[in-house]
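Inspection log for the structure reproduced underneath, given as structure tokens.
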Amino acid sequence: MEEPFLNVENVNFQKESGSKVLPVKTNIDNWKINASPIDWLTIKREGHNINLSVLENKGTTRSFKFLVEGGGLSKEVQVTQIGVAPDITFDNQSFKIEKFSQEIQLTVTANVSYETVLPDWIKEKSKEILSDGVVKYVFSISENNTQSNRNGFITFQSKGINPVISKELQISQKGEYGNDDASSIESDIKLKIHRGTATSHQNGTPIENSFDGDMATIYHSNWSNGEANYFPIIIEYFFETPQDVDYMMYYPRTEGYNGHFKQVEIQVATEANPSYIKLKDFDFKGNGKVTRVEFSPITKAKSFKLIIKSGYGDGQGFAAAAEMEFYKKSTGSFDPTSIFTDITCSELKPNVTDEQIQNISNPFYKNIAQYMKLGQYPSEFRIQNYRAWPNPDVYREKVSYAVFV
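Under this note's numbering, think of the first position of the sequence shown as -12, with each following residue one higher.
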């Protein structure tokens, strides 16, 4: 199954009213726009694109952010419109790049004349005027041959006005090898919970708090727990569209102890089996630890039911959660053995080209391959032979000893 992807770029407008078509690059069919109403901007989905229309801006520069969501993914888009006040804006605020030479693209929108000021390791390659006041630049970044990371700024500085307007774009470039992208080995996909229900809750701590992305807000069951039928407490989480799920994360409350889960039965409803079926019983032990619950791969899950049979706290106990999350594991679209001699990435295969390395989609493996190609990869301690020693407790049982006093 192809890994879902979603990519949308930021957009800049001049002060005049106008419209732009924003392509949505994705393999997700049922994506949607999540945006609050705003008076100066109209946002509409049209097929695989988003149509953006703005009113004339007679004030200062203004901006608005909205989300494009689908397949458990979410991408934030910023729309910026320059006003009558002098200003310079661009569609990215910073770039983080590897040590190797490469090119970056940047669209600048301005209502003043300006000049660019560049560090000596950044050159302007091309400049294309898209419309009045809107320019697309391509900058070339030279290879960083030092041992240290370096930071620089592309500065856009106004001409002929006072005070001078100066806007900076930060460029961060790596130096010697570093495994900053190790997390991309998995890059598991967090699935968006559409809604939730609970058979018990305390006013001010609803079930929605357990999937709002804020660890400081919590779900908590009713404080009155004296009745004999207080447990089980049933919580359900629903996806907007069926999702493939591999595991669940439970984040207990970060302050206080009441409500840490103990015994919980986990059920799932899928597109193929819309009635709930039991997955497993799980003991969270009431100890307040962040817990990952693995599932055999679930195809097209519609919802999950947690039957909480016990929890930590006074009396019978309670049920509480800071966050509940569901994930789909990365399918590992990049096969390391296509470039490396083995799965441990100990060496590059002979005759691997720079083009092959540049086409590696996973930044972690790409980083290793690039430094290996340059002969700058620190291999010490990565692949070595070590002598095995027995566990001391096992060894002690096989030898005799005496204590002398």
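Glycine included, C-beta positions come from ideal geometry on N, C-alpha and C.
Which of helix, strand or coil does DSSP assign to residue i?
{"i": "Ser113", "result": "strand"}
{"i": "Lys2", "result": "coil"}
{"i": "Ser81", "result": "strand"}
{"i": "Pro229", "result": "strand"}
{"i": "Thr76", "result": "strand"}
{"i": "Asn(-3)", "result": "coil"}
{"i": "Ser333", "result": "coil"}
{"i": "Glu281", "result": "strand"}
{"i": "Asn98", "result": "coil"}
{"i": "Tyr244", "result": "coil"}
{"i": "Phe351", "result": "helix"}
{"i": "Tyr358", "result": "helix"}
{"i": "Gln160", "result": "strand"}
{"i": "Glu214", "result": "coil"}
{"i": "Gly275", "result": "coil"}
{"i": "Ser325", "result": "helix"}
{"i": "Ser317", "result": "coil"}
{"i": "Ser23", "result": "coil"}
{"i": "Phe395", "result": "Lying before the first or after the last residue shown, residue 395 is absent from the chain, which here runs from -12 to 392."}
Given this structure, state the Cα-to-Cα distance separating residue i from residue j, to the nearest angstrom.
{"i": "Leu436", "j": "Gly162", "result": "Nothing about residue 436 can be read from this structure; the chain reaches only from -12 to 392."}
{"i": "Val(-5)", "j": "Asn79", "result": "12 angstroms"}
{"i": "Ser187", "j": "Gln65", "result": "39 angstroms"}
{"i": "Lys353", "j": "Ile128", "result": "18 angstroms"}
{"i": "Val157", "j": "Leu93", "result": "Per the sequence presented here, residue 157 reads as Gln, with Val not at that position. Taking the straight line from one Cα to the other gives about 12 angstroms."}
{"i": "Ser100", "j": "Pro150", "result": "13 angstroms"}
{"i": "Pro229", "j": "Thr328", "result": "39 angstroms"}
{"i": "Glu310", "j": "Asp199", "result": "8 angstroms"}
{"i": "Ile109", "j": "Phe126", "result": "7 angstroms"}
{"i": "Ala72", "j": "Leu105", "result": "26 angstroms"}
{"i": "Val121", "j": "Val(-2)", "result": "11 angstroms"}
{"i": "Ala308", "j": "Ile285", "result": "23 angstroms"}
{"i": "Ser113", "j": "Phe51", "result": "29 angstroms"}
{"i": "Ile294", "j": "Thr241", "result": "22 angstroms"}
{"i": "Arg49", "j": "Ser88", "result": "35 angstroms"}
{"i": "Glu130", "j": "Lys86", "result": "5 angstroms"}
{"i": "Pro350", "j": "Phe225", "result": "33 angstroms"}
{"i": "Tyr206", "j": "Pro261", "result": "26 angstroms"}
{"i": "Ser159", "j": "Gln144", "result": "20 angstroms"}
{"i": "Asp231", "j": "Ile220", "result": "26 angstroms"}
In its own chain, which residues sit with a C-beta less than 7 angstroms from the C-beta of residue i, not counting the 5 before and 5 after it?
{"i": "Ile30", "result": "Ile20, Ala22, Ile37, Leu39 and Phe53"}
{"i": "Glu3", "result": "Glu43"}
{"i": "Val55", "result": "Leu(-7), Val(-5), Val11, Trp18, Ile20, Lys62 and Val64"}
{"i": "Ser297", "result": "Phe218, Lys249, Gln250 and Gly304"}
{"i": "Tyr234", "result": "Arg279, Val280, Glu281, Phe282 and Tyr314"}
{"i": "Val41", "result": "Phe0, Ser4, Gly5, Trp27, Leu28 and Gln68"}
{"i": "Thr204", "result": "Asn196"}
Check the C-beta distance from residue i over to residue j and give it rounded, since I have them as a contact under 8 angstroms.
{"i": "His247", "j": "Gly275", "result": "5 angstroms"}
{"i": "Lys315", "j": "Ile180", "result": "Incorrect: roughly 13 angstroms between the Cβ atoms, too far for contact."}
{"i": "Ser208", "j": "Phe269", "result": "Their Cβ separation, rounded to whole angstroms, is 18 angstroms, which puts Ser208 and Phe269 out of contact at 8 angstroms."}
{"i": "Asn102", "j": "Lys146", "result": "Residue 102 is actually Glu in this sequence, not Asn. The pair is a contact, with the Cβ atoms about 6 angstroms apart (cut-off 8 angstroms)."}
{"i": "Gly191", "j": "Asn245", "result": "Going by Cβ atoms, the distance from Gly191 to Asn245 rounds to 14 angstroms, so no, they are not a contact pair."}
Name the one or two DSSP bridge partners that residue i has.
{"i": "Arg91", "result": "Checking the sequence shown, residue 91 turns out to be Ile, not Arg. Its beta-bridge partners are Phe126."}
{"i": "Met311", "result": "Tyr237"}
{"i": "Phe269", "result": "Val251"}
{"i": "Gln189", "result": "Thr192"}
{"i": "Ser40", "result": "Ser6 and Thr29"}
{"i": "Asn344", "result": "Looking at the sequence provided, one finds Ile at residue 344 rather than Asn. DSSP output for Ile344 lists no bridge partner at all."}
{"i": "Ile176", "result": "Lys315"}
{"i": "Glu155", "result": "Thr142"}
Short of 6 angstroms in beta carbon distance, which residues of its chain neighbour residue i, apart from the five on each side in sequence? Order them along the chain.
{"i": "Ala256", "result": "Tyr263, Lys289 and Ser290"}
{"i": "Gly58", "result": "Pro(-9) and Ile15"}
{"i": "Trp210", "result": "Gln189"}
{"i": "Glu227", "result": "His181"}
{"i": "Gly273", "result": "His247, Lys249 and Tyr299"}
{"i": "Lys123", "result": "Thr94, Glu115 and Leu117"}
Please go through the same chain and pick out, in chain order, the residues whose beta-carbon is closer than 8 angstroms to the beta-carbon of residue i, but skip the five residues on each side of it.
{"i": "Lys265", "result": "Glu252, Ile253 and Gln254"}
{"i": "Lys360", "result": "Leu335, Val339, Asp341 and Ile344"}
{"i": "Lys45", "result": "Lys2, Gly70 and Val71"}
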